[in-house]
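So the sequence shown is numbered by my numbering: it starts at 340 and just counts up by one.
All C-beta atoms, glycine included, are put in the ideal place defined by N, C-alpha and C.
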Amino acid sequence: MNIHHKKKYLSFLKFKRDFQKYGLEKARSYELILHWLNNRLSRNQFLVLSGILVGCTAGLAGVLLKSLVHSIHHFITTKVHFEYQILFYVVFPFLGIVLTTSIVLTIFKGQDRKGIGVILYEIAQNSSIVSSVKMYSQIVQSAVTVGLGGSAGLESPIAVTGAAIGSNFAQTYRLSYKERTLLLAAGATAGIASAFNAPIAGIMFAFEILLTGVVFTDFIPLVVAAVCGSLLSRILLQEDVLFRFYTREAFNYRNVPYYLILGIVTGIYARYFVIISQKVEHFIKNLKMSRLRKAMFGGAVLSLLCVLFPPLFGEGYETVKAFTNGDVHRIIENSLFRYFEIGNFTIIIFLILVLLLKVFATSFTIFSGGNGGNFAPSLFAGGTVGYLFAIICQQIGFPEVPVTNLVLVGMAGAMSGVMYAPLTAIFLIAESSFGYDLFIPLMIVSIISYLIAKWFSPISPELKSLADQGKIFTNKHDKNILFSLRTEDFIDRYSQAVNENSPITELFEMVKNGNKNIFAVVNNDKTLRGILTLDDIRPYLFTNDEVSVSLSQIMKTPPAVIHPEDQPLAILQTFDDTGVWNLPVVDTQNRFIGFISKSTILMSYRQILKGYSE
Numbered sequence: 340m341n342i343h344h345k346k347k348y349l350s351f352l353k354f355k356r357d358f359q360k361y362g363l364e365k366a367r368s369y370e371l372i373l374h375w376l377n378n379r380l381s382r383n384q385f386l387v388l389s390g391i392l393v394g395c396t397a398g399l400a401g402v403l404l405k406s407l408v409h410s411i412h413h414f415i416t417t418k419v420h421f422e423y424q425i426l427f428y429v430v431f432p433f434l435g436i437v438l439t440t441s442i443v444l445t446i447f448k449g450q451d452r453k454g455i456g457v458i459l460y461e462i463a464q465n466s467s468i469v470s471s472v473k474m475y476s477q478i479v480q481s482a483v484t485v486g487l488g489g490s491a492g493l494e495s496p497i498a499v500t501g502a503a504i505g506s507n508f509a510q511t512y513r514l515s516y517k518e519r520t521l522l523l524a525a526g527a528t529a530g531i532a533s534a535f536n537a538p539i540a541g542i543m544f545a546f547e548i549l550l551t552g553v554v555f556t557d558f559i560p561l562v563v564a565a566v567c568g569s570l571l572s573r574i575l576l577q578e579d580v581l582f583r584f585y586t587r588e589a590f591n592y593r594n595v596p597y598y599l600i601l602g603i604v605t606g607i608y609a610r611y612f613v614i615i616s617q618k619v620e621h622f623i624k625n626l627k628m629s630r631l632r633k634a635m636f637g638g639a640v641l642s643l644l645c646v647l648f649p650p651l652f653g654e655g656y657e658t659v660k661a662f663t664n665g666d667v668h669r670i671i672e673n674s675l676f677r678y679f680e681i682g683n684f685t686i687i688i689f690l691i692l693v694l695l696l697k698v699f700a701t702s703f704t705i706f707s708g709g710n711g712g713n714f715a716p717s718l719f720a721g722g723t724v725g726y727l728f729a730i731i732c733q734q735i736g737f738p739e740v741p742v743t744n745l746v747l748v749g750m751a752g753a754m755s756g757v758m759y760a761p762l763t764a765i766f767l768i769a770e771s772s773f774g775y776d777l778f779i780p781l782m783i784v785s786i787i788s789y790l791i792a793k794w795f796s797p798i799s800p801e802l803k804s805l806a807d808q809g810k811i812f813t814n815k816h817d818k819n820i821l822f823s824l825r826t827e828d829f830i831d832r833y834s835q836a837v838n839e840n841s842p843i844t845e846l847f848e849m850v851k852n853g854n855k856n857i858f859a860v861v862n863n864d865k866t867l868r869g870i871l872t873l874d875d876i877r878p879y880l881f882t883n884d885e886v887s888v889s890l891s892q893i894m895k896t897p898p899a900v901i902h903p904e905d906q907p908l909a910i911l912q913t914f915d916d917t918g919v920w921n922l923p924v925v926d927t928q929n930r931f932i933g934f935i936s937k938s939t940i941l942m943s944y945r946q947i948l949k950g951y952s953e
């Protein structure tokens, strides 16, 4: 029996002992079976089984959240009646954000980290360990926010929930970091697949966003998880809940110029979307208010926007379906624009305002205390851009423009530019519309939008701050490995230091009894004064005459100092700039802490690189 199997067998015996000792309070029977299977099956076989179990669980979570939000929508639209329709849009969006914030503060103790960035951070900085609370907290929070009209999407909360399910499954069976990361991605994949009934899009989401900078050869667990999540969505969700589009025109190569222009338009709009979103986030963070007051302020803004423009209420998928069905007048009938003559010019002005304000509605929803993501808002905005572009083309003399196709590929274009995920966008719309014959226009629009977004910012602005701090992985694998290292682990706190007023003979004793070849010279307050190496004191070591030189006379100033908060990448650059192999580490008051060695960092780097290559 090899070492790996021995470890699994010992883990199984420990679990069996706990089960016998504590009964069902400490161990569940199905976990005992899975521990036994983990011991009996090969690694790949157990990972496939894990992918199925995680996929089904995450898929069910996605179905639950979709159904919950649909039920809330159905209740508030059919069971709750107001004398004036305007009160509907005043009450519910405001209530959704305030209730979500109250739930976070009272039930989840103020812990409301949300969004895809949370998953990326856990992969890079926390060994893919996601809190078990995330398995249900995102469902509760986003159901309240979006169900009551928050202008955000459910897909990011579903992805975080699925990732938490995969991570905690891997933790239960003590799987390694790589396997834990794989199952984390499998859970998120299943969540996305169930949300859209689009398994390939779920897989692309994992590879494009979650597993950036992570080297993997195993992808079967992702596939089976995506299939499980998609199947559950197809079986359990009602047709009107599914993200489905059945009407479209056949692809005509003569329409390629429309798609080229639409790609540019969606790329520019995507840039507008992310920039305004950042500005709103910064504005809300700087407000001198309590979290509950911020929620009330954000809820009031959202309610006002929904009163003026009802399409901003909720996810917005029904509005996009109205575009594809040619029923655009229905989206205006509850707005103040119904008092105007509803002609093409009125529709154009209305949709332009909706597009400009959608990002404000989404940002105030998310950043003032609600829970949701940018998936649905980007798809809504892209569909609106496509429809707006189509009717403008018709007005200027191009009556044969493919309206439905422009709505569909516009969704892919905006999502590609906002999420920096062109492949996810392409396959999502292709699967959701059964429009595989639209691959060419989908690729044209998505890639153009993506290239425009990359031209403005190589990394998604939403994640740029985390990437610059080295808190998430990017496609630069060397930096990812270095960012996964912790400076604290490389500080030699047993380094030898000598007081600057001590006789040189004390230093000789350190050399004689120790194994160090570099020493720190400090004062009485442990403040670093200089450093000494064996080369500096060698001329005085082997003389028979009494040495009268003082340490302050022969010590030298270090070429640079390191601080504990410095990143390994910056430390290695300092080593390269100074050309030395050891540097002192000091705190903010310049007090000596220890030495750090370049060779120690490089050795750890090689060990991690070896682990990736195995």
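Where does residue i land, buried or exposed, given buried means 16+ other C-beta within 10 angstroms?
i	result
valine 472	exposed
glycine 970	Given that the chain is displayed from residue 340 to residue 953, the structure contains no residue 970 and the question cannot be resolved.
arginine 587	buried
methionine 942	exposed
serine 287	Look at the range of the chain in this structure, 340 to 953, and you will see that residue 287 is not part of it.
proline 650	buried
arginine 519	buried
threonine 416	exposed
phenylalanine 703	buried
phenylalanine 679	exposed
lysine 418	exposed
proline 898	exposed
glutamine 477	buried
glutamate 904	exposed
leucine 873	exposed
So, residue i versus residue j, is the Cβ gap smaller than 8 Å?
i	j	result
glycine 456	leucine 802	yes
arginine 573	asparagine 536	yes
methionine 894	isoleucine 870	yes
leucine 549	isoleucine 458	yes
tyrosine 608	alanine 720	yes
glycine 486	valine 408	yes
leucine 493	alanine 661	no
proline 907	leucine 846	no
valine 393	isoleucine 504	yes
valine 724	alanine 753	yes
leucine 824	valine 860	no
glycine 638	alanine 491	no
valine 693	phenylalanine 648	yes
leucine 718	valine 659	yes
valine 437	alanine 564	no
proline 800	leucine 867	no
asparagine 838	asparagine 863	yes
valine 604	threonine 663	no
serine 481	leucine 403	no
phenylalanine 508	valine 619	no
leucine 570	phenylalanine 728	no
tyrosine 597	valine 742	no
isoleucine 935	isoleucine 830	yes
valine 640	tyrosine 428	no
isoleucine 791	glycine 756	yes
Let's see if you can read the secondary structure: which residues bound the beta strand (DSSP E) around residue i?
i	result
valine 924	921-925
threonine 872	867-872
glycine 933	931-936
Alpha helix (DSSP H) containing residue i: first to last residue?
i	result
phenylalanine 737	It is not in any alpha helix (DSSP H) - phenylalanine 737 carries neither H nor E in the DSSP assignment.
glycine 541	538-544
arginine 610	595-624
lysine 627	Careful: lysine 627 lies outside any alpha helix (DSSP H) and carries neither H nor E.
serine 771	761-771
asparagine 852	843-852
aspartate 916	907-917
Kindly identify the DSSP beta-bridge partner or partners of residue i.
i	result
alanine 792	Looking at the DSSP assignment, alanine 792 forms no beta bridge with any residue, so it has no partner.
asparagine 838	Val861
isoleucine 830	Ile935
lysine 895	Ile870
isoleucine 901	Val924
valine 712	The identity of residue 712 in the sequence shown is glycine, whereas the question assumes valine. Glycine 712 is bridged to Gly492.
Report task. Please list the segments of the alpha helix (DSSP H) lying wholly inside the region 389-447, counting only runs of 4 or more residues, in order along the chain. Result -> 424-445
message: What ranges does the alpha helix (DSSP H) occupy inside the region 472-550, keeping only unbroken runs of at least 4 residues that lie completely in it?
response: 473-486, 494-511, 516-535, 538-544
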